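Just so you know, we're using this note's numbering here: the sequence shown kicks off at 6 and counts up by one.
What follows is a single structure, written as structure tokens, with notes after it.
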Amino acid sequence: MALSQRGREWAKLGPDMLIWKILQDLWDPETNPNGYISLGVAENALMHEELSSYVHNNLKLPLKGLTYGDGGSGSKELRQTMARFLNRKLHPAVPIKASHICITNGVTTGIEHLSSILGDPGDAFLLGQPYYGAFPDDLGLRPGLEVVKVAFNNTDPLSLDAISAYETTINRCHAKNQKVAGIMLCNPHNPLGRCYSRAFLVALMRLCNKHNIHLVSDEIYALSVFRTTDTTTPSSLTERPPPQLEPFTSLSSIPTESLITPSHTHILYGLSKDFGANGIRLGAIISQHNPTLHSALIPVAINSYASSLAESAATALLGDDVFTDWYIAENQRRLRGSWEIVISWAEKWGVKYGGGVCAAFFLWVDLGEVYRRERPERSQMKEQRKERGPHQAGLLVQEPVAAPVDTPSSHDDDDDDDDDDDIDQIVNDALLSEKIFLASGVGFGSEKPGWFRIVFSQKEEYLREGLRRIERALGLS
């Protein structure tokens with residue numbers, strides 16, 4: 006049966022999303038010892054036993070949960086509980102109310118809703134490089150907006166100096182009569198594992214106000230900050246001198262007066278990361294100053310209904326101050342322990358990494374440099390790959406993305422090494438041959454080749470097995 010043009014385009018993307026096949030063949034030391042280790046998906050397994058036990062002991066499904074409840078925007082009980090929880094944790098300048106919240110079946114859906122409502126097909130949404138690999142699809146695949154990358158060259162993308170790159174990109178869009186609908190941030194940052202400073206957010210708010218565009222902050226890692234002071238010795242292996250550690254600052258905590266039109270600020274939150282509950286599928290759009298946006302969400306919220314089981318679990322969890330305070334603190338402690346393992350590993354093997362990590366689950370590492378150092382026969386592999394052709398060269402496995410367009414990056418025209426155009430795929434092939442999956446920087450808009458994201462929020466046995474497989478793939482052991 007013939008498909009629409011849109012259907013045909015999506016069908017082309019489907020076969021490349023091989024991550025879903027890998028997730029069905031994950032390693033287990035007893036039941037599947039030959040399976041894949043995944044340190045490429047942003048999942049936090051450090052507190053799964055504790056959360057599972059809590060949900061089993063506290064889930065109470067009311068009779069109302071067997072109906073359509075209060076509609077697609079979420080139950081009154083959950084929105085009130087979510088508002089109270091966020092007021093405790095985000096310290097908003099204006100208290101968050103239940104009416105400011107729309108519950109969705111995940112933050113991904115919330116981003117798509119905002120993109121559809123804030124922009125029209127063909128409008129631009131800006132993403133600073135590197136970015137979370139699924140943002141381009143969330144913003145552009147179904148809403149039809151054009152995702153425009155913002156390149157920073159050698160400037161720290163979280164520094165005040167990076168603001169000028171955003172304005173340059175805005176001006177370039179305007180020069181070709183393209184409307185810029187908004188700027189999308191992930192704070193704390195995925196994949197860099199850092200927090201934006203308050204000064205940066207203030208400057209970006211002013212820029213958005215100057216150009217009359219929206220600012221959207223995905224704060225799904227808000228409570229996964231595990232370092233606030235840096236007692237480590239600066240490493241010569243970091244990409245640049247390590248930046249100062251910044252505390253997490255919610256966009257909602259900054260008063261909008263004189264900075265930005267209040268209706269142009271929006272944040273997102275969910276249970277997937279801070280609570281290690283990707284599978285519960287529950288997120289929230291928080292827009293405090295835009296009742297028209299909430300009106301626009303009503304007809305589309307039917308497509309993002311959260312399950313009443315998920316809502317009941319979230320209501321119990323977020324309403325339990327004693328448990329959540331303990332849970333968040335213990336999760337932060339365990340995250341720091343996992344971070345220390347992967348940092349020690351990188352230092353041991355001379356793996357360059359992005360410095361200043363203090364939040365989320367990630368270490369941004371340059372495996373291309375290590376591979377070139379340890380595997381001088383790479384040029385021969387390159388020629389073999391050319392002879393086999395791209396479809397036989399190995400699995401191209403990365404988190405689902407749509408191809409962003411417009412801004413060229415230094416990755417596109419880097420001439421420092423004749424393997425640069427291939428090193429991402431060469432390393433990816435080597436990793437997969439050892440049955441270890443990492444997310445390639447290609448899917449994150451990396452400006453430099455050879456960078457990958459290691460997710461360290463896994464139990465120690467699993468994490469160390471993954472690191473051993475990376476060593477074998479790179480020729481380190």
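Here a beta-carbon is modelled for each residue, glycine too, at the ideal position from N, C-alpha and C.
These numbers were taken from a predicted model, which means no experiment stands behind them.
Test item: CB-CB of residue i and residue j under 8 Å
| i | j | result |
| --- | --- | --- |
| Y41 | F449 | no |
| C200 | P252 | yes |
| V370 | I459 | yes |
| V153 | L131 | yes |
| H299 | V221 | no |
| G115 | G288 | yes |
| S438 | A478 | yes |
| L31 | N37 | yes |
| L51 | S343 | yes |
| L302 | L256 | no |
| R286 | N110 | yes |
| L23 | A16 | no |
Cβ-based burial, residue i [other Cβ within 10 Å; buried from 16]
| i | result |
| --- | --- |
| L91 | buried |
| N39 | exposed |
| Q337 | buried |
| P239 | exposed |
| P148 | buried |
| S451 | buried |
| K26 | exposed |
| A351 | buried |
| Y136 | buried |
| T72 | exposed |
| N217 | exposed |
| Q403 | Caution applies to Q403, whose pLDDT of 40 falls short of 50 and renders its modelled position unreliable; the model cannot decide the point. |
| E392 | With a pLDDT of 44 at E392, under the threshold of 50, the predicted position of this residue should be treated as unreliable, and no value is reported. |
| E54 | exposed |
| W331 | exposed |
| T236 | exposed |
| D33 | exposed |
| S263 | exposed |
Straight-line gap, residue i to residue j (C-alpha atoms, nearest Å)
| i | j | result |
| --- | --- | --- |
| G480 | P141 | 34 Å |
| Q463 | Y226 | 16 Å |
| L18 | P162 | 29 Å |
| K5 | Q430 | Because the chain in this structure spans residues 6 to 482, residue 5 falls outside the shown range and cannot be described. |
| D143 | A129 | 13 Å |
| G145 | S482 | 42 Å |
| F157 | W456 | 16 Å |
| K278 | K215 | 33 Å |
| H118 | G79 | 15 Å |
| R474 | A204 | 41 Å |
| K94 | F328 | 14 Å |
| R341 | H61 | 27 Å |
| G74 | H96 | 30 Å |
| L165 | E335 | 33 Å |
| I122 | H269 | 12 Å |
| Y274 | E224 | 5 Å |
| R378 | V356 | 11 Å |
| D427 | P196 | 22 Å |
Extent of the continuous alpha helix (DSSP H) to which residue i belongs
| i | result |
| --- | --- |
| D371 | Per DSSP, D371 belongs to no alpha helix (DSSP H); it is in the beta strand (DSSP E), F367 to D371. |
| A334 | D326 to W354 |
| L323 | S313 to L323 |
Where the beta strand (DSSP E) containing residue i begins and where it ends
| i | result |
| --- | --- |
| K154 | E151 to V155 |
| Y274 | T270 to G275 |
| F280 | That residue, F280, is in no beta strand (DSSP E); it is neither H nor E in DSSP. |
Next on the checklist: When you compare the segment 310-322 with the segment 353-372, are there three or more beta-carbon pairs, one atom per stretch, that lie closer than 8 Å?
Outcome noted: no
Practice problem: Evaluate the contact criterion for the segment 313-323 versus the segment 60-68: three or more CB pairs, one atom per stretch, below 8 Å. | Solution: Between the segment 313-323 and the segment 60-68, the count of Cβ pairs shorter than 8 Å is three or higher; the stretches touch.
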